[in-house]
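The structure appears below as structure tokens.
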Amino acid sequence: MARPSAPWFLYLLECRDGSYYAGISTDVAARFAAHLAGKGARYTRARPPLRILAVREYPDRSAASRAEWQLKQQPRERKLAWLQAPIL
34 MARPSAPWFL YLLECRDGSY YAGISTDVAA RFAAHLAGKG ARYTRARPPL
84 RILAVREYPD RSAASRAEWQ LKQQPRERKL AWLQAPIL
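So the sequence shown is residues 34 to 121, counted in this note's numbering.
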């Protein structure tokens with residue numbers, strides 16, 4: 034019997050300079066801690082994150098990656114609204 038895979042999460046961070054950073058992880062709290070410690074993405078090493086703005090769950094890495102790409106295509110003012118919209 035196959036074990037169900039752990040869900041993946043798309044998250045949006047607010048950085049110190051007011052910019053947003055989107056990423057995916059199976060453990061958002063641990064990933065946020067890594068960003069805070071300067072061990073996350075190059076973007077957040079240069080622009081330390083302040084807080085997690087939004088998180089959305091996906092069934093697998095592939096779905097989370099596709100959603101991350103779609104989110105990154107949105108203009109800044111629509112990113113937060115996109116993540117907070119209800120999932121259909």
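The beta carbon of each residue, even a glycine, is placed where N, CA and C say it ideally should be.
- Here L43 is buried. Its C-beta has 16 or more other C-beta atoms within 10 Å.
- Around the CB of L83, fewer than 16 other CB atoms lie within 10 Å, so the residue is classed as exposed.
- The C-alpha of Y54 lies about 18 Å from the C-alpha of A96.
- If you check the CB distance, I57 and E90 do not come in under 8 Å.
- In the same chain as T77, and ignoring 5 residues on each side of it, the C-beta atoms closer than 6 Å to its own belong to Y54, H68, in chain order.
- Taken through DSSP and simplified to helix, strand or coil, S58 comes out as strand.
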